[in-house]
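Student: The numbering of the sequence shown is my numbering, which starts it at -3 and goes up by one.
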Amino acid sequence: MKAFKGHIPERDLDAPAVIAEFIQQQETLLKLIRKARQVDLRAIRIPISLTSLIRLKLGDVFQFL
């Protein structure tokens, strides 16, 4: 099964840059998790990247990650 065009990585990636971006994304995720402690995880709905027609509860998104 092939991935969608927007989900296929480039072939000539700079490994240190990829690692730095990954670390930044993980730090951002931790900040979001800390902020989410103050909200109802069942009330907020997040659209998925494949289609905006499907929206998941914030708590479900965190479980998926």
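Note that CB positions come from ideal geometry on N, CA and C, so glycine has one too.
Is the stretch 35 to 51 close to the stretch 14 to 23, with three or more CB pairs under 8 Å?
Tutor: Touching, no, given that fewer than three Cβ pairs across the two stretches are closer than 8 Å.
Student: May I ask you to report which of helix, strand or coil DSSP gives R41?
Tutor: The answer is strand: DSSP assigns R41 an E or B state.
Student: State the CB to CB distance for the pair L37 and L26, rounded to an integer number of angstroms; the pair is presumed to be in contact (CB under 8 Å).
Tutor: Not confirmed; about 16 Å, so no contact.
Student: Work out the CA separation of I4 and P12 for me, nearest whole Å.
Tutor: Using only the alpha carbons, I get a separation of about 19 Å.
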